[in-house]
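Position one of the sequence shown corresponds to residue 1 (my numbering), numbered consecutively onward. Note that CB positions come from ideal geometry on N, CA and C, so glycine has one too.
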Amino acid sequence: MELSQVLLLVLVGFTAGIVSGALGVGGGIVLIPALVYLFGMEQHTAQGTSLAILLPPTGILAAMAYQKQGFINWKYAIIITLIFVLGAWVGAQFSIAVPEKLMRRIFALFLLIVGAKMFFGK
Numbered sequence: 001m002e003l004s005q006v007l008l009l010v011l012v013g014f015t016a017g018i019v020s021g022a023l024g025v026g027g028g029i030v031l032i033p034a035l036v037y038l039f040g041m042e043q044h045t046a047q048g049t050s051l052a053i054l055l056p057p058t059g060i061l062a063a064m065a066y067q068k069q070g071f072i073n074w075k076y077a078i079i080i081t082l083i084f085v086l087g088a089w090v091g092a093q094f095s096i097a098v099p100e101k102l103m104r105r106i107f108a109l110f111l112l113i114v115g116a117k118m119f120f121g122k
């Protein structure tokens with residue numbers, strides 16, 4: 001794996017951690033679109049990889065089902081997992097500092113942008 005790809009995985013993991021910690025959502029909202037659009041993964045593999053990243057403490061049974069079908073990219077899952085924890089802490093600190101109404105708007109805007117990209121994308 002090239003260094004640029006590892007750095008992009010680190011960025012994706014950190015971003016997913018921030019969003020998860022700040023918005024109280026699963027990291028898959030960031031991870032799945034990033035794995036599909038930035039790394040060219042198929043949807044099933046992106047979903048399986050996202051579940052593998054979020055294994056502790058959730059997703060174990062679902063990830064096992066994806067693994068049986070070969071839909072987990074463990075290299076990506078491990079790299080993103082390593083930095084996700086730090087990103088979640090940073091995101092939580094950000095969220096605590098932002099007024100509730102602004103946080104709600106940030107959350108809604110994020111969901112709209114990601115949803116539109118996935119709906120109108122390839």
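Can you round the beta-carbon distance between residue i and residue j to whole angstroms, since I take them to be within the 8 Å contact cut?
i: G17; j: F84; result: 4 Å
For residue i, report the span of its alpha helix (DSSP H) as first-last.
i: V36; result: G28 to Y37
i: V12; result: L3 to L23
Excluding the 5 residues flanking residue i on each side, which residues of the same chain have their C-beta closer than 6 Å to its C-beta?
i: F14; result: I83 and G87
i: I72; result: G48, T49, A52 and Y66
i: A34; result: V12
i: V90; result: I18
Looking only at its own chain, which residues have a Cβ that is under 7 Å from the Cβ of residue i, when we skip the five neighbours before and after it?
i: V6; result: I79
i: M103; result: S95
i: M118; result: P33
i: M1; result: K75
So, helix, strand or coil for residue i, using DSSP?
i: K122; result: coil
i: G40; result: coil
Got a sec? Which residues, its chain only, sit under 8 Å from residue i by beta carbon, not counting five neighbours each side?
i: Q69; result: H44 and G48
Discussion item. Restricting to runs no shorter than 4 residues, where is the alpha helix (DSSP H) found entirely within the stretch 47-99?
Written reply: Runs of the alpha helix (DSSP H) spanning 4 or more residues and lying entirely within the stretch 47-99 occur at 60-68 and 74-97, in chain order.
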